[in-house]
Structure formats: structure tokens, C-alpha cells
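J.: Mind having a look at this structure? Questions to follow.
In the numbering used here, the protein residues as written are 4 to 87.
Here you go:
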């Protein structure tokens, strides 16, 4: 069991290191992976709190814009698939 946990920790550390290098390369060193993870977690917390406080209201556009883009693309793809 401890061998499995050790390998799991090693694999996660290597993945984090690779992702961190990729993020530094793509953002020219201005952002770090932990900053992106932190931003993602804060946005999920914001959405969760909004849903709890306003259960019948829509999510504000700043949270919902990316979701709507993907929903539109999915709808277009399904329409094109149904035509064929």
C-alpha cells in the first residue's frame, strides 16, 4: 500500500511540474500554475455561493459566459449531426 501511495505522489508531482513548466511557457512567466488553480477554485466557490444565495436566479455573465459558448457549440454540432 505504501508503495502505491509513493508512486501516486511521485506521478502527481511530475504532472504538476510539467504543467507548471507549460503554464510558464505559455504565459511568458507571468502566471504560475498555482495562480490558475487558485483562480479556478475561487470561481467555483463564487458560483457555489451564488447558487446557494440565489437559487432561482441565473448566474451572472462573468461566471456564465464560457459555459454558454460551449453550450452553443454543442447545440450547433448536434444540429449538424442531425442533418446528416
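Every residue, glycine too, gets a C-beta built ideally from N, C-alpha and C.
#1: Going by alpha carbons, who is nearest to residue 19 out of 77, 37, 59 and 43?
#2: In whole angstroms, what separates the C-alpha of residue 39 from that of residue 33?
#3: To the nearest angstrom, how far is the alpha carbon of residue 72 from that of residue 81?
#4: What are the boundary residues of the alpha helix (DSSP H) that includes residue 11?
T.: This is what the structure holds:
#1: Nearest option by C-alpha distance: 37.
#2: One Cα belongs to residue 39, the other to residue 33, and the distance between them is close to 11 Å.
#3: 14 Å
#4: 5–29
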